[in-house]
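Remarks on the structure that follows.
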Amino acid sequence: MEVEKRGWTLDVLQVVQSLGKMEFTLADVYAHAGSLAKLHPHNRHVRDKIRQQLQVLRDMGLLEFLGGGSYRLP
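Each position in the sequence shown, counted from 1, maps to that position plus 5 in this note's numbering.
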């Protein structure tokens, strides 16, 4: 995994963990888009990147996709 992608993945995971709940929505993570944009100023498609990284985290088994924009930590 590239350093840039690893950075995004870790940053999104940290946002998820900072929510402090086992189940959360895409909107919960989007609420942190501003802080992620500051960490990655060259990316103009922050929401797209958030969705992509949630899929990466799902594929890694670090969260479950429940459908309808809802997720759960295992």
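From the three backbone atoms N, C-alpha and C, an ideal C-beta is built for every residue, glycine too.
Residue j beta carbon less than 8 angstroms from that of residue i
i     : j     : result
Leu86 : Gly72 : As displayed, the chain neither begins before 6 nor continues past 79, which places residue 86 out of reach and without an answer.
Val34 : Leu68 : no
Own chain, CB closer than 7 angstroms to residue i, minus 5 neighbours either side, in chain order
i     : result
Thr14 : Gln58, Val61, Leu62
Pro46 : none
Phe70 : Arg63, Tyr76
Lys54 : Trp13, Asn48
Same chain, Cβ closer than 8 angstroms to residue i, neighbours up to 5 away in sequence not counted
i     : result
Ala42 : Asn48, Val51
Ser23 : His37
Cβ-Cβ separation, residue j to residue i (assumed contact under 8 angstroms), whole Å
i     : j     : result
Leu44 : Asp16 : 6 angstroms
Beta-carbon contacts of residue i that lie in its chain and below 6 angstroms, excluding the five residues immediately before and after
i     : result
Phe29 : Tyr76
Leu78 : Met27, Leu68
Element boundaries [alpha helix (DSSP H), containing residue i]
i     : result
Gly39 : 38-44
Leu71 : Not the alpha helix (DSSP H): Leu71 falls in the beta strand (DSSP E), residues 69-72.
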